[in-house]
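**Q**
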Amino acid sequence: HEALDGAVLVLVVVSVDEDPAGVGEDPGGQPLPRGRGAQPREQAEHAGLQHLLRDLNRLYVGAPALGTHDYDPASFRWVNCNDAEQSVLSFLRTDGGGKEFYLIVGNFTPVTRSFYRVGVPQAGYWTEVLNTNAEAYGGTGIGNHGGSASEDEERDGFAQSLSLTLPGLSTLVFKWTLG
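Below, the structure written as structure tokens:
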């Protein structure tokens with residue numbers, strides 16, 4: 614963890630559109646007018662990505678802990694940045710006052726990780742507020758059924774931990790609120 618102290622982590626979501634002009638081509642190579650090149654499946658994938666970006670923006674705007682204290686080192690903490698074997702990263706964002714915590718967990722492999730343990734600083738229920746694998750975003754819907762209750766099992770330097778299902782190639786965001 615010492616090597617990463619003071620590091621700035623930026624989560625960037627980029628839409629890669631194979632046809633940025635929206636023109637497309639028919640099978641003979643002729644350009645199609647905007648909107649006619651996308652097939653129904655592609656349109657559903659784009660709609661899922663648009664839904665995800667909308668929800669990410671709403672989460673960021675509605676959760677001061679995710680951005681208000683960006684320059685306050687106390688608002689960020691790595692939970693586990695050393696699990697290269699399973700390609701999982703986890704970190705916390707907080708409001709600085711200990712009343713609200715967000716746990717962000719990314720699984721960077723196509724393999725679903727069941728019963729994956731992540732340490733948390735507070736006992737109680739952690740609500741899953743975002744799962745990039747949700748069906749609404751075009752994913753499989755694998756997740757944590759709305760959240761997870763902490764257990765008295767030490768992990769990552771914390772007395773409490775969550776047992777999570779991490780869908781492949783996904784990022785999950787959990788929220789804990791005092792009271």
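By the numbering used here, the letter at position 13 of the sequence shown is numbered 626, and the numbering carries on one by one without gaps. Glycine is no exception: its CB is placed at the ideal position from the N, C-alpha and C atoms. It should be emphasised that the depicted structure is a prediction, and the values quoted were computed from it without experimental measurement.
Nearest by alpha-carbon distance to Arg768: which of Gln735, Ala660, Tyr673 is it?
**A** Gln735
**Q** Helix, strand or coil for Asp696? Go by DSSP, reduced to three states.
**A** Strand.
**Q** To the nearest angstrom, report how far apart Ala772 and Leu716 are at their CA atoms.
**A** 15 angstroms
**Q** Mapping the DSSP letters down to three states, classify Tyr738 as helix, strand or coil.
**A** strand
**Q** Counting only the same chain and skipping the five closest in sequence on each side, list residues whose C-beta sits under 6 angstroms from that of Val742.
**A** Val786, Lys788
**Q** Can you check which of these residues, Tyr738, Thr778, Ser763, Gly737, is closest to Gly754 by C-alpha distance?
**A** Thr778
**Q** Rounded to whole angstroms, what's the CA-CA distance from Gly635 to Glu658? Just pull it up for me.
**A** Residue placement at Gly635 is poorly supported in this model, since its pLDDT is 40, which falls under 50; the coordinates still yield a value, given next. Going by the C-alpha atoms only, they are around 15 angstroms apart.
**Q** Taking Gly732 as the reference, give the member of Ser688, Ala697, Ser761 with the closest Cα.
**A** Ser761
**Q** With burial defined as no fewer than 16 other Cβ atoms inside 10 Å of the residue's Cβ, what is the status of Leu666: buried or exposed?
**A** exposed
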